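Asks: Structure provided below as structure tokens; questions to follow.
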Amino acid sequence: MAIYQTKELLSKICELVMDGFQYVELTELEADTSGNDTSLTFSAIESDFNTVDYGDIYALSLPEDYNVADTPARFSRDDFAAIVFSYDEIFTLKHAVDNALEYFKECAENPQYSKETIREIQAASVPARNLQAKLAHFINSLKIS
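Counting from -13, one number per residue, gives the positions in the sequence shown under this note's numbering.
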């Protein structure tokens, strides 16, 4: 039996889902004598017998002092978050981002705000617009029944 880091598994699964794949073939490759470690190979199923290689995740050894309660979560800003939203919550987030951007626009056009505050608003609106576009793309790709 092999041990894999959940963060790496989640990242690979998210990558597959974001690319639109609904099915994946997982193959566990055992360590061999030529130095290859045990790994999981991910192949997205494109059609009947066509697959797309999504690479490997390598098994690791659990640290001797590992205790989930004592281990702080470490992440990079571009890692996929370990949180799941319902579709209703995603629609709520999209609505909140739309409202925030509308408010940013009103504030940026308001002469009572200093130039410094307006620059901060404009800087904050860039990642918000990117998130808005990402959410809109996701929502537009849905087939709601």
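Backbone N, C-alpha and C fix where the C-beta goes; we use that ideal spot for every residue, glycine too. Since we're looking at a predicted model, the values are computed, not measured.
1. So what's Y40 in DSSP terms, helix, strand or just coil?
2. Should the stretch 39 to 58 be called in touch with the stretch 92 to 101, which here means at least 3 C-beta pairs below 8 Å?
3. Rounded to whole angstroms, what is the Cα-Cα separation between N36 and Q118?
4. In the DSSP assignment, find the alpha helix (DSSP H) that holds E11 and state where it starts and stops.
5. Quick one: what's got a C-beta closer than 8 Å to L79's C-beta in the same chain, skipping five residues either side?
6. For G21, I'd like the list of residues in its chain whose CB is within less than 8 Å of its CB, leaving aside the five on either flank, ordered along the chain.
7. Go ahead and pull the three-state DSSP assignment for F71.
8. How should L2 be labelled, buried or exposed, when 16 other C-beta atoms within 10 angstroms of its C-beta is the threshold for buried?
9. So, with DSSP's three-state summary, where would you put T78?
10. Pop quiz: Q16 and T24 are said to be a contact at Cβ under 8 Å. What is the actual Cβ separation, rounded to whole angstroms?
11. Pick out whichever of T19, S111, R63 has its Cα sitting closest to the Cα of N85.
12. In this structure, does DSSP put L26 in helix, strand or coil?
Replies: In short:
1. Here Y40 sits in strand by DSSP.
2. Fewer than three Cβ pairs drawn from the stretch 39 to 58 and the stretch 92 to 101 lie within less than 8 Å of each other, which leaves the two stretches out of contact.
3. Each residue's alpha carbon lies about 34 Å from the other.
4. Not the alpha helix (DSSP H): E11 falls in the beta strand (DSSP E), residues 10 to 15.
5. In its chain, beyond the 5 residues on either side, F71, L121 have a beta carbon closer than 8 Å to the beta carbon of L79.
6. If you ignore the 5 residues before and after G21, its C-beta comes within less than 8 Å of no other C-beta in its own chain.
7. Residue state for F71 is assigned as coil, using DSSP reduced to three classes.
8. With a 10 Å radius around the Cβ and a threshold of 16 neighbouring Cβ atoms, L2 comes out buried.
9. It is helical.
10. Correcting the residue type first, residue 16 is Glu in the shown sequence and not Gln. Right, their Cβ atoms sit about 6 Å apart.
11. Selection T19, S111, R63 evaluated against N85 yields S111 as nearest (Cα-Cα).
12. For L26, the secondary structure class from DSSP, reduced to helix, strand or coil, is strand.
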